[in-house]
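Enquirer:
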């Protein structure tokens, strides 16, 4: 049948030698003489430290399954067995494309515990990586990205399980298969705990490899102290190995001499030092995943997943947040900037200055550089700094860059106003995007405006938009009159140029209307808002967010006029548009929900008010700056006070808002004082009258000093009067109630407040009349 | 199992102290199975042999930390064997005490170097072969039956036809699988032996 040859003799010798060794292997006799009810055992797939995996066929469901048969004596006590069943039960509830589905557990006819699970056809993760990605041991840059992309699925599976309370505890390449359809599948979830073994301590000789993935805290400590972060560590080791072909601290294939060197306790080698194709971002992410202290690591597999995903898509990774230069570079690279920008960043502003200075007489070059600078600055101002989560950190480095550019522009483009003006404009807008850089922004935008007026004659498109931009920065600086004037210039000029039905006209009109608000020019605003709405509904699709923005702006005007029902309707329409486009709890809804909550509050619909304000607060907690969040928390405090519900919660909101306003704007700022007033009111309602009295008295003191006579003063006097009344200081209470009453006609205030103040006076007067009589 | 776990935990703590458990782990994986086998061949029970091997490694770790281990002074293998032989003698004495308590006289000393060294060679080969077949299992696809075929032929001494019948294959398939696996195993064995040779 088959011809005999020396080769075959040698083969047979080796076969015989293996036969003897395999037969001598203790404690792992052939399993196929064992039996499990309802299953046909077919063949052994794998032998490991915990037992044997067998391919089998489940008769009832007629499906192929994998049976994991634990070692004899794996579960010595009843307690062990109970724990095993509990853990398997937990794992059996996991349903994730990258987690092998566990069907059930039980005992074989010989009493050995087994687990039955989905049979996945595939190869081990490390073998797959070796075969597909590691040419000669090391992955190329593109292959690294591919590996990470595959790895995201594994992280996702681990995160999914963690969220359901299952820690893997033994993540290693042997426990991850890459299925034929390309998806990674994680095996043996929680089994390490189920069989009561710590990683690596299962059976003599099984240390090889296994320990390499154990987090430092897994060695020697009690298994109960292990948390999800041990899995994060193991994920880090496994990815390190996949990307570099080596383990973080050597081992395995190293000779003893090298092992000995490693034992001296160096930190993990940088992955990029082992494989130069590993990017510095991935390097940093790996180092953070492999931190010795769990607290320093990524806290969840989800965080690791998100970071990896950022690393391969060129977004900045959090692991390198502290490197300023890094953030800037990453930021600019992501935006695919022209050579000019690369020069600025990589060579520094010096190089850029030199470039410009050397060629200053050449208008042609000035033109080109101006275009490039403009393109670069465009990319900067394209960021929404308020909401871009990572942006906050990028700002720090960009400030300095802008300052240097501003100087260079002055030097390099002087005498070429046509080129200088647009660069100044863009510089100004870039500054405008940065917090507290309004002064520089104003400087640049004013200069740009001057230049444009020199070059062109009004009315001109560029002069108009220059006025508009100037208006924006003046408004942000709190110079409302000047902002109003600039916007008006822009508005009129645009109307001249484009006629009324134009989106730019609408834009200037909207800004002009907003500027009316702090100036109290409600009549003018009342003319502008309907115009903005008309233009946009005419020119845009009915669900355009710009329409939502106009609706919301108009609604705030109704709020100012105490027309709460109409305000509510406009907020609601605005909300509808935004929800249809972005979903229920998108950050873009925060302001509208805040307004909706306030209008419901004023209408006395406390239940709806709670609903909206809570969502607004949740969104702002995620996305907004503290000032904006403080506004909403103050609104909630106010709601708690008037609705007399959730007093304790309301008190916390009020206090936080007060502290935040004080910190950001100073203690005499109106909203800080109003927050204090509600802190006092809520303290009073919760029964702490002495504190309430003290806080309210201080707030009233400040209002007296400023001779404040409007709505806030009336609210404060009312709250104070109620506190004093509750303390039994009736005379004083009456005095403050009357003070509030005397202010009622002075400025327009909501009807509700007037009623409340008058009712209070009636009540107090009745009491003193009764006491007096 | 429980005793083993306990011993192992103590050992792990020792490894942890020197800050690089991983390096020690691979060391452990390579040498502990050999030492257990040697101790078995020198007459200890499985449990006693495991203890002796653990203690040997613990001593090695300690001496290593005290800088007593010097590569130039001798091969790793004789260093480990020296400690192991002392440990085995310790087990002999403990056993002797137990036997004496049962009224039996037992005579035993430190096992001689030659016997221990031969046992090492045998056990080393055995360990390498097991590691090789593990390695092969590791890189095989779940559905690949070749290693299983090889094991049925080798461990169970079954004929190719017999194996073919059970798995629903032809004898030719079985021969091909056997030849493929043998070839791969031979390569892996050479590779692993190289690692040991470099160290010892």
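Chains as they are written, first to last, in my numbering: chain A, 1 to 773; chain B, 1001 to 1200. All C-beta atoms, glycine included, are put in the ideal place defined by N, C-alpha and C.
1) Just checking: is the beta-carbon of residue 23 of chain A within a distance shorter than 8 Å of some beta-carbon in chain B?
2) Go through the stretch 1108 to 1149 of chain B residue by residue and report every complete run of the alpha helix (DSSP H) that reaches 4 residues or more, in order.
3) Can you grab the Cα-Cα spacing for the pair residue 1160 of chain B / residue 1181 of chain B, in whole Å?
4) Let me know the secondary structure DSSP gives residue 606 of chain A once reduced to three states.
5) List, in order along the chain, the chain A residues whose C-beta lies closer than 8 Å to that of residue 1138 of chain B?
6) Can you list the residues of chain A that residue 1151 of chain B reaches, using a CB-CB cut of under 7 Å?
7) Report the residues of the stretch 101 to 126 of chain A with a CB closer than 8 Å to any CB of chain B, ordered along the chain.
8) Can you pull the chain B neighbours of residue 19 of chain A, defined as C-beta to C-beta under 7 Å?
9) Using 8 Å as the threshold, is the stretch 543 to 551 of chain A in touch with the stretch 566 to 577 of chain A, meaning 3 or more CB pairs across them?
10) Anything in chain B within Cβ reach of residue 281 of chain A, meaning under 7 Å, just list it in chain order.
11) Residue 1045 of chain B CB to nearest chain A CB: under 8 Å?
12) Can you round the beta-carbon distance between residue 18 of chain A and residue 1136 of chain B to whole angstroms, since I take them to be within the 8 Å contact cut?
13) Based on DSSP bridge pairs, tell me the residues matched to residue 116 of chain A.
14) What would DSSP say about residue 292 of chain A, mapped onto helix, strand or coil?
15) Flag this pair as yes or no: are the beta carbons of residue 232 of chain A and residue 311 of chain A separated by less than 8 Å?
16) Do you know how far the Cα of residue 528 of chain A is from the Cα of residue 709 of chain A?
17) Mapping the DSSP letters down to three states, classify residue 651 of chain A as helix, strand or coil.
18) Drop a sphere of 10 angstroms on the beta-carbon of residue 53 of chain A, count the other beta-carbons inside from all chains shown, and report buried for 16 or more, exposed for fewer.
19) What residue from B:1064, B:1132, B:1034 has the CA that sits closest to residue 1084 of chain B's CA?
20) Determine the direct distance from the alpha carbon of residue 163 of chain A to that of residue 1043 of chain B, and round the result to whole angstroms.
21) Where residue 1134 of chain B and residue 1143 of chain B are concerned, what is the direct C-alpha to C-alpha distance, given to the nearest angstrom?
22) Considering only DSSP beta bridges, list what residue 45 of chain A is partnered with.
23) List, from N- to C-terminal side, the alpha helix (DSSP H) runs of 4 residues or more that fit wholly inside the stretch 620 to 702 of chain A.
24) Identify, in the order they occur along the chain, each residue of the same chain with its Cβ nearer than 7 Å to the Cβ of residue 657 of chain A, setting aside the five sequence neighbours on each side.
25) Looking at residue 692 of chain A: is its Cβ nearer than 8 Å to the Cβ of residue 699 of chain A?
26) Label residue 736 of chain A either buried or exposed according to how many other C-beta atoms from any shown protein chain fall within 10 Å of its C-beta, with 16 as the threshold for buried.
27) To the nearest angstrom, how far is the alpha carbon of residue 1059 of chain B from that of residue 1038 of chain B?
28) Alpha carbon to alpha carbon, how far is residue 113 of chain A from residue 41 of chain A?
29) Would you check if the stretch 83 to 91 of chain A and the stretch 141 to 148 of chain A touch, i.e. whether three or more CB-CB distances between them fall below 8 Å?
30) Could one say the Cβ of residue 1091 of chain B lies closer than 8 Å to chain A's Cβ atoms, at least one of them?
31) How many angstroms separate the CA atom of residue 590 of chain A from the CA atom of residue 98 of chain A?
32) Would you verify that the beta carbon of residue 1142 of chain B is, or is not, closer than 8 Å to some beta carbon of chain A?
33) Relative to the alpha-carbon of residue 1116 of chain B, which residue among B:1041, B:1193, B:1131 has its alpha-carbon at the smallest distance?
34) Comparing the C-beta of residue 15 of chain A with each C-beta of chain B, is any distance below 8 Å?
35) Since residue 11 of chain A meets chain B, which of its residues come closer than 9 Å, beta carbon to beta carbon?
Expert: In brief:
1) Taking the first chain and counting its residues from 1, one reaches residue 23 of chain A at position 23. Contact of residue 23 of chain A with chain B is assigned, a C-beta pair being separated by under 8 Å.
2) Restricting attention to alpha helix (DSSP H) runs no shorter than 4 residues, the stretch 1108 to 1149 of chain B encloses them at 1113 to 1139, ordered along the chain.
3) Here the question's residue 1160 of chain B lines up with position 160 in the second chain. Here the question's residue 1181 of chain B lines up with position 181 in the second chain. Separation of residue 1160 of chain B and residue 1181 of chain B (C-alpha to C-alpha, rounded to the nearest whole angstrom) is 14 Å.
4) Counting from 1 along the first chain, the entry for residue 606 of chain A is found at position 606. Reduced to three states, the DSSP call for residue 606 of chain A is helix.
5) In the second chain, residue 1138 of chain B corresponds to position 138, counting from 1. Within chain A, the residues near residue 1138 of chain B are 124, 127, 174.
6) Working through the second chain from its first residue, we reach residue 1151 of chain B at position 151. In chain order: 22.
7) Under the 8 Å Cβ criterion, the stretch 101 to 126 of chain A contributes 119, 120, 121, 122, 123, 124.
8) Here residue 19 of chain A is taken as the residue at index 19 of the first chain, counted from 1. Those within 7 Å of residue 19 of chain A in chain B are 1154, 1155, 1157.
9) With the rule of 3 Cβ pairs closer than 8 Å, the stretch 543 to 551 of chain A counts as touching the stretch 566 to 577 of chain A.
10) As a position in the first chain, residue 281 of chain A is number 281, starting the count at 1. Under the 7 Å cutoff, chain B gives no residues; its nearest Cβ is about 25 Å from residue 281 of chain A.
11) In the second chain, residue 1045 of chain B corresponds to position 45, counting from 1. Cβ-Cβ to chain A under 8 Å: no for residue 1045 of chain B.
12) Residue 18 of chain A sits at position 18 when you count from the first residue of the first chain. Residue 1136 of chain B sits at position 136 when you count from the first residue of the second chain. About 11 Å; that fails the 8 Å criterion.
13) For the purposes of this step, residue 116 of chain A is taken as the residue at position 116 of the first chain. Residue 116 of chain A pairs with A:67, A:104.
14) As a working note, residue 292 of chain A is residue 292 in the first chain. If DSSP states are grouped into helix, strand and coil, residue 292 of chain A belongs with coil.
15) Numbered from its first residue, the first chain carries residue 232 of chain A at position 232. Numbered from its first residue, the first chain carries residue 311 of chain A at position 311. Not in contact: residue 232 of chain A and residue 311 of chain A (Cβ atoms no closer than 8 Å).
16) Here residue 709 of chain A is taken as the residue at index 709 of the first chain, counted from 1. Here residue 528 of chain A is taken as the residue at index 528 of the first chain, counted from 1. So the alpha carbons of these two residues sit roughly 29 Å apart.
17) The residue labelled residue 651 of chain A in the question sits at position 651 within the first chain. It is helical.
18) On the first chain, residue 53 of chain A is found 53 positions in, with the first residue counted as 1. Classification for residue 53 of chain A: buried.
19) Reading the second chain from its first residue, position 84 is the one you call residue 1084 of chain B. For residue 1084 of chain B, the closest alpha carbon among the candidates B:1064, B:1132, B:1034 is that of B:1034.
20) One-based indexing of the second chain puts residue 1043 of chain B at position 43. One-based indexing of the first chain puts residue 163 of chain A at position 163. Each residue's Cα considered, the two are about 52 Å apart.
21) To locate residue 1134 of chain B, count along the second chain from 1; it is residue 134. To locate residue 1143 of chain B, count along the second chain from 1; it is residue 143. The alpha-carbon separation between residue 1134 of chain B and residue 1143 of chain B amounts to approximately 16 Å.
22) Locating residue 45 of chain A in the first chain gives position 45, counting from the first residue. Under DSSP, residue 45 of chain A forms no beta bridge with any residue.
23) The qualifying runs are 626 to 643, 647 to 665, 670 to 685.
24) As a first step, residue 657 of chain A must be located in the first chain, where it is residue number 657. Shown here for residue 657 of chain A: same chain residues with a beta carbon closer than 7 Å to its own, the five before and five after excluded, namely 630, 633, 634, 637, 675 in chain order.
25) Here residue 692 of chain A refers to the residue found at position 692 of the first chain. Here residue 699 of chain A refers to the residue found at position 699 of the first chain. No, Cβ-Cβ distance for residue 692 of chain A and residue 699 of chain A is not below 8 Å.
26) Start at 1 with the first residue of the first chain, and residue 736 of chain A comes out as number 736. Answer is buried; the Cβ neighbour count reaches 16.
27) Taking the second chain and counting its residues from 1, one reaches residue 1059 of chain B at position 59. Taking the second chain and counting its residues from 1, one reaches residue 1038 of chain B at position 38. C-alpha of residue 1059 of chain B to C-alpha of residue 1038 of chain B: approximately 17 Å in a straight line.
28) Residue numbering aside, residue 113 of chain A sits at position 113 when the first chain is read from its first letter. Residue numbering aside, residue 41 of chain A sits at position 41 when the first chain is read from its first letter. Whole-angstrom Cα-Cα distance: 15 Å.
29) Touching, no, given that fewer than three Cβ pairs across the two stretches are closer than 8 Å.
30) For this step, residue 1091 of chain B is matched to residue 91 along the second chain. No, residue 1091 of chain B lies away from the interface with chain A (no Cβ there is under 8 Å from its Cβ).
31) Position 590 of the first chain, counting from 1, holds the residue named residue 590 of chain A. Position 98 of the first chain, counting from 1, holds the residue named residue 98 of chain A. Straight-line Cα distance between these residues: approximately 36 Å.
32) Translated into positions along the second chain, residue 1142 of chain B becomes position 142. For residue 1142 of chain B, the answer is yes, since a Cβ of chain A falls inside 8 Å of its Cβ.
33) Here residue 1116 of chain B refers to the residue found at position 116 when the second chain is read from its first residue. Minimum Cα distance to residue 1116 of chain B is reached at B:1041.
34) Here the question's residue 15 of chain A lines up with position 15 in the first chain. Chain B, which has a Cβ nearer than 8 Å to the Cβ of residue 15 of chain A, makes this yes.
35) By one-based count along the first chain, residue 11 of chain A stands at place 11. Result: 1178, 1179, 1182, 1183, 1186.
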